[in-house]
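Below: the structure, in structure tokens.
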Amino acid sequence: MSAFRTLRFSTVSPDGLNSPCERFRRQARQLQGQCNITQLPRATAKACSARAVRPNKPLRRRSNSKGHFEVNLAKGVTRPVLAPSRAESTEPRSLAVTSEQQRQDAQEGPVVPAPGLAPSVHEKHWCAVCQCGFRKEKNLRQHLAGKRHAGNAVAARQVVAVFRERAPEWAAELSEQRVTHEEREQELEAVVGRAWNMNELAHFPMHGRGKRRFRQGQEALAAGETTYARQAQSASILSPSATVADLSAYQKARLWRYCHGAMSKSPELADVLFGVAGTHPHLVRVKEVFESVEAFLALENFLVACAKHRTVHRIVDLACGHGLVGLLLAYRFPQRQVVCVDIERRAAFQAFMDAFDRWGHKHGKASTPVMENVTFLAADNAEAANYIDAQTCVTVVHGCNEVNRDCIEMAKANDALWAAMPCCVPSDLYLPGCSIRLMDGLNADTRYSALCGSMAHMYRAQWLIQIDRRITNRNILIAGGCEKDAEGSPVTKLIGYGRKKLVQV
1 MSAFRTLRFS TVSPDGLNSP CERFRRQARQ LQGQCNITQL PRATAKACSA RAVRPNKPLR
61 RRSNSKGHFE VNLAKGVTRP VLAPSRAEST EPRSLAVTSE QQRQDAQEGP VVPAPGLAPS
121 VHEKHWCAVC QCGFRKEKNL RQHLAGKRHA GNAVAARQVV AVFRERAPEW AAELSEQRVT
181 HEEREQELEA VVGRAWNMNE LAHFPMHGRG KRRFRQGQEA LAAGETTYAR QAQSASILSP
241 SATVADLSAY QKARLWRYCH GAMSKSPELA DVLFGVAGTH PHLVRVKEVF ESVEAFLALE
301 NFLVACAKHR TVHRIVDLAC GHGLVGLLLA YRFPQRQVVC VDIERRAAFQ AFMDAFDRWG
361 HKHGKASTPV MENVTFLAAD NAEAANYIDA QTCVTVVHGC NEVNRDCIEM AKANDALWAA
421 MPCCVPSDLY LPGCSIRLMD GLNADTRYSA LCGSMAHMYR AQWLIQIDRR ITNRNILIAG
481 GCEKDAEGSP VTKLIGYGRK KLVQV
């Protein structure tokens with residue numbers, strides 16, 4: 001947007017080219033950028049010209065990363081005010097800043113957080129430890145003096161100690177370029193200590209919209225470039241082929257931090273990830289880790305909400321694939337039997353099973369395996385009907401074509417709970433006779449959302465939740481089956497627990 005387009009009213013003067021408005025137009029064309037326009041008092045604005053149009057409309061303040069300009073409607077651009085120069089670096093800058101440094105940065109201008117985490121125009125002040133932004137400096141100071149910031153600062157030091165103990169290879173790789181012990185500690189605290197923010201997904205390999213862009217990203221990955229700045233500009237979702245072995249030391253540390261905080265009461269999930277990545281680094285895809293954990297959190301919330309009305313003794317995960325979603329559910333609910341169904345048992349499934357048995361916490365007797373409640377059924381989905389009854393929850397994550405329909409109808413036939421995150425959704429199954437094609441002007445997201453809505457209406461869904469679209473563009477979870485409780489009374493509404501609260505069921 002040009003500088004002239006940010007002006008909310010114009011002036012009309014008989015002297016034509018010599019009017020203040022015309023001079024402003026000429027200087028605005030020279031700027032070719034956004035301006036920070038300071039509105040003059042109404043009397044001054046009226047005195048500048050013979051007639052003012054819409055003088056009561058306020059002007060918005062505009063700014064950019066390079067600086068801003070104060071514009072006087074009578075004299076044009078009077079004084080350029082440049083923001084403090086900040087060197088652009090491909091490596092994350094140290095985020096372990098003190099309160100005094102935060103206040104100093106707040107006075108200088110907008111604080112630029114880690115790469116890929118540029119705050120919005122409404123978040124000019126940033127807390128690097130808690131990964132949250134504020135509009136005003138006053139709010140930032142209140143946050144720095146609050147309990148949340150103090151708790152996160154203490155937790156940051158604890159997380160660094162756990163990371164150094166549980167993932168020593170990744171910790172050494174992260175700080176190998178630092179000379180002194182103090183520099184290594186500061187690097188660990190800056191990278192591992194700070195909280196996770198979903199905007200950090202831009203740090204990981206992203207899948208662009210074209211084959212050429214994807215090939216460029218793969219070449220950059222092979223060359224050791226870890227910022228993915230060029231590819232992230234046009235990317236939409238995480239790369240489906242990037243594995244943990246392809247990540248840099250910084251990306252591995254942040255992935256570990258995400259897994260450590262995803263299950264607040266079970267931080268050993270990060271140990272499981274580190275164990276599988278150490279033994280089978282090419283089996284752990286980055287997209288599948290984020291995708292499975294977020295799908296698990298949504299399914300966990302649904303099961304907790306249904307537990308208030310019905311009893312669930314078994315979970316059947318159809319078309320489980322690598323099986324991480326089912327294994328996470330089995331680890332979260334050790335009293336429930338989990339049946340993972342797929343045509344064949346993949347190597348990744350066995351690798352995750354071994355990692356949970358080694359690094360997971362045992363439930364019950366010490367001699368029993370950690371994942372003793374897991375059963376794998378190498379068969380077609382139709383053969384899993386013998387495991388489904390009224391006390392079962394049927395799940396399917398990214399089932400293609402008719403798989404979602406068959407699984408939901410199988411669950412409804414047995415009065416069981418069901419949850420599905422569709423992948424490929426044929427329009428003929430849920431919108432017969434309706435033309436819903438990409439060539440008619442619809443984009444893929446609109447088509448997917450419309451078909452998911454039709455599916456939810458057809459099967460009387462009670463729960464819809466969406467995970468971050470940067471992980472996958474097939475990100476809507478549809479669940480239902482809890483129309484009546486155990487006594488036969490109708491259930492009008494399901495209430496979950498929220499992401500930050502853990503409910504024992």
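In the numbering used here, the protein residues as written are 1 to 505. Note that CB positions come from ideal geometry on N, CA and C, so glycine has one too. Source: prediction; values computed, not measured.
- Taken in chain order, the unbroken stretches of beta strand (DSSP E) that lie wholly in the stretch 322 to 397 and span 3 residues or more are 337 to 342, 374 to 378 and 392 to 397.
- Contact between R194 and E187 does not hold, since their C-beta atoms are separated by about 12 Å, which reaches or exceeds 8 Å.
- In this structure, the straight-line span from the alpha carbon of F356 to that of M371 is close to 7 Å.
- Counting the other CB atoms within 10 Å of its CB gives Q462 a total of 16 or more, which places it among the buried residues.
- By the C-beta density criterion, Q131 is buried, having at least 16 other C-beta atoms within 10 angstroms.
- In the three-state reduction of the DSSP assignment, V316 falls in the strand class, which pools E and B.
- Buried is the label assigned to A253, since at least 16 other Cβ atoms lie within 10 Å of its Cβ.
- When Cβ pairs closer than 8 Å are counted between the two stretches, the stretch 199 to 209 is seen to touch the stretch 237 to 255, the count reaching three or more.
- Looking at the DSSP output, P490 bridges to K484.
- The three-state reading of DSSP puts R285 in strand, counting E and B together.
- Judged by their CB atoms, Y459 and I408 are nearer to each other than the 8 Å cut-off.
- Unbroken alpha helix (DSSP H) stretches of 4 residues or longer found wholly inside the stretch 148 to 191: 168 to 174 and 181 to 188, given in chain order.
- Annotation for V425: L451 place their beta carbon closer than 6 Å to its own, counting only its chain and skipping 5 residues before and after.
- According to the DSSP assignment, M421 belongs to no alpha helix (DSSP H) but to the beta strand (DSSP E) extending over L417 to M421.
- V162 and A456 have their C-alpha atoms roughly 43 Å apart.
- A distance below 8 Å between beta-carbons, with the five flanking residues on each side excluded, links V325 to the following residues of its chain, in chain order: S292, A295, F296, L299, D317, T395 and V397.
- Assigned with DSSP and collapsed to three states, F302 falls in helix.
- For the options A245, K265 and N301, the alpha carbon positioned closest to that of F274 is the one of A245.
- Within the model, the alpha-carbon separation for D445 versus E165 is close to 43 Å.
- Note on A411: 16 or more other CB atoms within 10 angstroms of its CB, so buried under the neighbour-count rule.
- With a cutoff of 8 Å on beta-carbon distance, N373 and P334 are scored as near each other.
- Burial of T392 is indicated by the presence of at least 16 other C-beta atoms within 10 angstroms of its C-beta.
- Here the alpha carbons of L429 and N404 stand approximately 10 Å from one another.
- Burial state of R358 is exposed, judged by a 10 Å Cβ sphere holding fewer than 16 other Cβ atoms.
- Going by DSSP, Q251 is part of the alpha helix (DSSP H) stretching over A249 to A262.
- The three-state secondary structure of S427, taken from DSSP, is helix.
- Judged by DSSP secondary structure, H125 falls outside any alpha helix (DSSP H) and instead within the beta strand (DSSP E) spanning H125 to C127.
- Going by beta carbons, M421 and L477 fall inside the 8 Å limit.
- I408: member of the alpha helix (DSSP H) spanning E402 to A413, first to last residue.
- Under DSSP, H207 forms a beta bridge with I237.
- Contact between A379 and V341 holds: their C-beta atoms lie close to 6 Å from each other, under 8 Å.
- DSSP links Q466 through a beta bridge to I476.
- Excluding sequence positions up to five before and after G481, its CB lies within less than 7 Å of the CB of A411, K412, A416, L417 and W418, all in the same chain and listed in chain order.
- Note on H322: 16 or more other CB atoms within 10 angstroms of its CB, so buried under the neighbour-count rule.
- Residues of the same chain with a CB within less than 8 Å of the CB of I471, apart from the 5 flanking positions on each side, are L201, I237, L238, K287, F290, E291 and E294 in chain order.
- 8 Å or more divides the Cβ of A486 from the Cβ of H313.
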